[in-house]
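A.B. asks:
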Amino acid sequence: MDISIFFFDVLKYTLSGLFVFFAAYFLIKNQFDTYYNLKELEYKTIVVKDILPLKLQAYERMTLFVERINPANLLVRLHVSGMDAREMQNLILTEIRAEYQHNISQQLYISNDAWNIIKRVKEDTINLVNQSIANLHPEASAVDLSKVIFNRLSEVEENPFDLALLVLKRDIQEL
């Protein structure tokens, strides 16, 4: 009989001890979870406060990049009277590559889709210029090159520069 009372007492104290342990565990765990969630929220707030202006600036700069390499703006800005087509081609390609290199670090702050569109627009613009000059006479003027570029661009169903701007605007709205 003494053994059964002893086991009953051990069981009674063990169960009550386990109950106290689990009650304390869940109370402390709840406190730690609340503290962790609060710290995580503070961190995200700081990140958003610091990173959001950089993201907005990156999208602004990439919008400017797309506008600057758009042949409608690029050819008018770079045209010098008396320039031949080869000189104009070299000037256009140099300008596009310089603009791209100037803005290459912005890929850190924009979405992968937006950056891929930016790269694609740059490459398509370079290809457009190179393909346009391929069909011209060696003594063609810069004006002739501009006309061919505009004609080729007008043949495209959807303007790639407008599509790139649309992607950038969509991404900005999702921020």
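At position 5 of the sequence shown (counting the first as 1) the number is 188 in the numbering used here, and the numbers step up by one without a gap. For glycine and all other residues, C-beta sits at the position ideal for the given N, C-alpha and C.
1. Considering only their Cβ atoms, is the gap separating serine 329 from leucine 258 smaller than 8 Å?
2. Can you look up serine 264 in the DSSP assignment and give me helix, strand or coil?
3. Report the residue from Asp192, Phe189, Ile309 and Leu247 whose alpha carbon sits nearest the alpha carbon of arginine 335.
4. Between the Cα of serine 324 and those of Asn318, Ser288, Met271 and Pro343, spot the shortest distance and give me the residue it belongs to.
5. Decide if the stretch 266-284 is in contact with the stretch 339-358; the criterion is three or more beta carbon pairs, one per stretch, under 8 Å apart.
6. Give me the residue from Leu291, Asn313 and Pro343 with the minimum Cα distance to asparagine 273.
7. Can you look up serine 294 in the DSSP assignment and give me helix, strand or coil?
8. For phenylalanine 215, count neighbouring C-beta atoms within 10 Å of its own C-beta (all shown protein chains included) and say buried if the count is 16 or more, exposed if not.
9. By a C-beta neighbour count over all protein chains shown, 10 Å radius and 16 as the cutoff for buried, is lysine 305 buried or exposed?
10. Report yes if the C-beta distance between valine 339 and asparagine 318 is below 8 Å; otherwise report no.
11. Provide the residue span of the alpha helix (DSSP H) that contains alanine 323, from first to last.
C.D. replies: According to the data block:
1. yes
2. Residue state, collapsed to three classes: coil.
3. Across the set Asp192, Phe189, Ile309 and Leu247, the C-alpha of Ile309 shows the shortest separation from the C-alpha of arginine 335.
4. Nearest of Asn318, Ser288, Met271 and Pro343 to serine 324, Cα basis: Met271.
5. No: fewer than three Cβ pairs fall under 8 Å.
6. Asn313
7. coil
8. exposed
9. buried
10. For the 8 Å CB-CB criterion, valine 339 and asparagine 318 do not form a contact.
11. Element bounds for alanine 323: n/a, residue is neither H nor E.
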